[in-house]
Structures are given as C-alpha cells and as structure tokens.
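Residue numbers for the sequence shown follow numbering that gives the first Met the number 0, so the first one is 0 and each next one is one higher.
Glycine included, each C-beta is placed from N, C-alpha and C at the ideal position.
Just so it is clear, the structure is predicted and the values come from calculations on it, not from any experiment.
What follows is a single structure, written as structure tokens, with notes after it.
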Amino acid sequence: MKKKQAILAITVGILLLGFIPTAAASGKVTKRPLADWLVPNYSNFPWGEQNWAFADYGDPANNLVCKMGLPWPKSGLLWAPWFINDMVYENGLVDGDTIIDGKITERVLNDGKALITLHLDVKNAPLTVYDFDEFILYCFGVTLVEPQAVLGSGIDGYMDYKVVAKFIIPEPGADLPDTFDIWYNYISISISGTGFGTLTERAVELGFAETAGAMGRVRLHQIALFKPDFKVDHPKYDASYGDFWPVENIEIFEMS
Numbered sequence: 000m001k002k003k004q005a006i007l008a009i010t011v012g013i014l015l016l017g018f019i020p021t022a023a024a025s026g027k028v029t030k031r032p033l034a035d036w037l038v039p040n041y042s043n044f045p046w047g048e049q050n051w052a053f054a055d056y057g058d059p060a061n062n063l064v065c066k067m068g069l070p071w072p073k074s075g076l077l078w079a080p081w082f083i084n085d086m087v088y089e090n091g092l093v094d095g096d097t098i099i100d101g102k103i104t105e106r107v108l109n110d111g112k113a114l115i116t117l118h119l120d121v122k123n124a125p126l127t128v129y130d131f132d133e134f135i136l137y138c139f140g141v142t143l144v145e146p147q148a149v150l151g152s153g154i155d156g157y158m159d160y161k162v163v164a165k166f167i168i169p170e171p172g173a174d175l176p177d178t179f180d181i182w183y184n185y186i187s188i189s190i191s192g193t194g195f196g197t198l199t200e201r202a203v204e205l206g207f208a209e210t211a212g213a214m215g216r217v218r219l220h221q222i223a224l225f226k227p228d229f230k231v232d233h234p235k236y237d238a239s240y241g242d243f244w245p246v247e248n249i250e251i252f253e254m255s
C-alpha cells in the first residue's frame, strides 16, 4: 500500500509541475533575461525600492496576507489619492539587500504563441503579515485606522521564496505582462516560501501566537492550475475562482 501511495504522490507531483499545453511539445526553446520580467513590473509599480519580484500572497482560509514587497496597494489607489504618500516605502522595509535570481525560458507553440516559464528565487524579501480585512479596508480608504502587523513590523521580517509560473504570451519575444496580468493566460503557478519575524500583540489577539515579542516563522505555499473543465458542478468549484484552481495556505509558528 505504501509503495502504491508513493507512486501516486510522485505521479501527482509530475502532473502539477509539468502541466503544459500539448501544443508546446515540439516548439523551439530559448532563454530570456530576468530583466524581461522585472522591468515591466518596476515600470508599472514605480514606488519605493525595487526589491520585490512577485505579487503579495493571501490565504482566504485564515484571512492573512503576506506583504512581500509589492508596492500595491499600500502605495495608494487612484480613487484614494490621499494614500499615495502613505507607507510608500513599505516594499523597502527589510534589513539588508534583497537578492533576486532566476531564469525565464520561452517555448514556441504550434499556434504561433509562446509559453513562458518563469523561475524566481528571491532571498531576504520584505515580509509583513497582516489580517487581510484590516489591510484591505485601509488600502481602499474605508477606514483610516492603519492595520497592525501580525508579524514583521517595520524592518523586522524577511522571507525567502521561490516561484515557478507558466503562462502564454501572444508571440515569441513579446513583452511580458506584469505580476497581475499573467493570471489571464496562465497555465500553472507554484509559490513556496519561508520567512521570519517578531510576533506582535495583534498576533496574540488573533490567536496566531501565545507570546508577543517571540520569534515567529511563516510558511506559505500555493499551487494553482488552469482547469478549463472545472465547472460549477464540481464539488470544489468556487465562483470567486472559476477555472482557477488554487491550493494555498499561510502558516505561522511561534518559535521557542
């Protein structure tokens, strides 16, 4: 039984990480510079330090959000211009340099489009964990009460994370979309990371820690697949996601 379970686990892992369109099987593969990903993102989100590489991450199950440096939306929204100068440098809040490494490959598809595989390996990224509702209400200007960090207040938190994202672009060599727009033509995305920071009184109030001031460890993980047959009659269908099928979680551990 254990042998069968192991074989099944390996098979599922291969399917999750290797899920690409059939049309991509025989296409030419070339490498693209990592700047092809970073430059459009920094151009579209030009606030603060450029020490981030991917979108921030939320877990609807426990209502937490990991801010990993993306300067949106805490840098302000068009319909809430009074926040433009508020916490502009939130994405710069980390002690030391953020190291962004990785690679991009482009595979030509038979229909003339191209499959992009983005690998990101980010070290010492900024990390602040918030209650999602408190964070988003503040960002949208519904409340003027600044959200209290659950972990990683100020420059206290940091995270190492990896991303493997596969998405389609209109043609080989075309400009890459930013971190939000890849979701319109994605195939699969895997995000995993481990971070550390000091737990706050808010963490205790929300039940994520027993001791304010203790060191906390954060683990995040998400696997998302494009499932065109994932319809409303599927037992796990969620109208918020449609054909977007994510498995995701953020966990906080108090370290002794």
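- Quick one: Cα of residue 252 to Cα of residue 208, how far? Along the sequence shown, one-based indexing puts residue 252 at 253. Along the sequence shown, one-based indexing puts residue 208 at 209. Take the alpha-carbon of residue 252 and the one of residue 208: they are about 7 Å apart.
- Query: Tell me which same chain residues have a C-beta within less than 8 Å of the C-beta of residue 179, skipping the five on either side of it?
  - Reply: Reading the sequence shown from its first residue, position 180 is the one you call residue 179. Excluding positions up to five away in sequence, the list reads 54.
- Task: Identify every residue that forms a DSSP beta bridge with residue 95.
- Result: Numbered from its first residue, the sequence shown carries residue 95 at position 96. Note: residue 95 is not bridge-paired with any residue in the DSSP secondary-structure output.
- Task: Evaluate contact between the region 107-120 and the region 141-150, counting only Cβ atoms and requiring at least three cross-stretch pairs below 8 Å.
- Result: Contact between the region 107-120 and the region 141-150 is absent, because fewer than three Cβ pairs lie under 8 Å.
- Query: Which two residues bound the contiguous alpha helix (DSSP H) that contains residue 144?
  - Reply: Taking the sequence shown and counting its residues from 1, one reaches residue 144 at position 145. Counting along the chain, residue 144 falls outside any alpha helix (DSSP H), and DSSP gives it neither H nor E.
- With a 10 Å radius around its C-beta and 16 neighbouring C-beta atoms as the bar for buried, classify residue 95 as buried or exposed. For this step, residue 95 is matched to residue 96 along the sequence shown. Counting Cβ neighbours within 10 Å, residue 95 comes out exposed, since fewer than 16 surround it.
- So is residue 174 buried or exposed if we call it buried at 16+ other beta carbons inside 10 Å? Indexing the sequence shown from 1 puts residue 174 at position 175. So residue 174 counts as exposed.
- Message: Using a Cβ-Cβ cutoff of less than 6 Å, which residues in the same chain neighbour residue 254 once the five nearest sequence positions on both sides are dropped?
- Response: Mapped onto the sequence shown, residue 254 falls at position 255. If we look at residue 254 and ignore the five residues flanking it on each side, its Cβ neighbours are 214 and 216.
- Message: Which runs of the alpha helix (DSSP H) at least 4 residues long sit entirely within the region 115-196? Give them in chain order.
- Response: Taking 4 residues as the minimum length, the alpha helix (DSSP H) runs contained wholly in the region 115-196 are 131-138, in order along the chain.
- Task: State the DSSP-derived secondary structure class of residue 43, mapped to helix, strand or coil.
- Result: Indexing the sequence shown from 1 puts residue 43 at position 44. Residue state, collapsed to three classes: helix.
- Thinking just about the alpha-carbon of each residue, which of 247, 93, 42 and 223 is nearest to the one in residue 184? Here residue 184 corresponds to residue number 185 of the sequence shown, with the count starting at 1. Taking only the C-alpha atoms, the option nearest residue 184 is 223.
- Query: In angstroms, rounded to a whole number, what distance separates the CA positions of residue 119 and residue 210?
  - Reply: Counted from its first residue, the sequence shown places residue 119 at position 120. Counted from its first residue, the sequence shown places residue 210 at position 211. Cα to Cα, residue 119 sits roughly 34 Å from residue 210.
- Does DSSP put residue 203 in a helix, a strand or coil? Residue numbering aside, residue 203 sits at position 204 when the sequence shown is read from its first letter. Residue state for residue 203 is assigned as helix, using DSSP reduced to three classes.
- Item | Reduced DSSP secondary structure (H/G/I, E/B, other) of residue 231 | Within the sequence shown, the letter at position 232 stands for residue 231. It is coil, neither helix nor strand.
- Message: My output table needs one value for residue 52: the three-state DSSP class, helix, strand or coil.
- Response: Position 53 of the sequence shown, counted from the first residue, corresponds to residue 52. In this structure, residue 52 counts as coil in the three-state DSSP scheme.
- Message: Let's see if you can read the secondary structure: which residues bound the beta strand (DSSP E) around residue 63?
- Response: Taking the first residue of the sequence shown as position 1, residue 63 is located at position 64. Looking at the DSSP string, the run of the beta strand (DSSP E) that includes residue 63 is 63-66.
- Message: Three Cβ pairs or more, each shorter than 8 Å: is that satisfied between the region 154-163 and the region 131-138?
- Response: Put simply, the region 154-163 does not touch the region 131-138. Fewer than three CB pairs are less than 8 Å apart.
- What three-state label does DSSP hand residue 100 in the structure shown? Mapped onto the sequence shown, residue 100 falls at position 101. Annotated three-state conformation of residue 100 is strand, per DSSP.
- Message: For residue 39 and residue 220, I'd like the C-alpha separation in whole angstroms.
- Response: Here residue 39 refers to the residue found at position 40 of the sequence shown. Here residue 220 refers to the residue found at position 221 of the sequence shown. The straight-line gap from Cα to Cα measures roughly 25 Å.
- Query: Pick from 130, 115, 121 and 201: whose alpha carbon is nearest that of residue 182?
  - Reply: Looking up residue 182 in the sequence shown gives position 183. Closest option to residue 182, Cα to Cα, is 115.
- Query: How many whole angstroms separate the CB atoms of residue 125 and residue 149, which I take to be in contact at a CB cut-off of 8 Å?
  - Reply: On the sequence shown, residue 125 is found 126 positions in, with the first residue counted as 1. On the sequence shown, residue 149 is found 150 positions in, with the first residue counted as 1. The beta-carbon separation of residue 125 and residue 149, rounded to 15 Å, does not stay under the 8 Å limit for a contact.
- Does any residue of chain D bring its CB to less than 9 Å from the CB of residue 255? The structure shown has no chain D; it contains just one protein chain.
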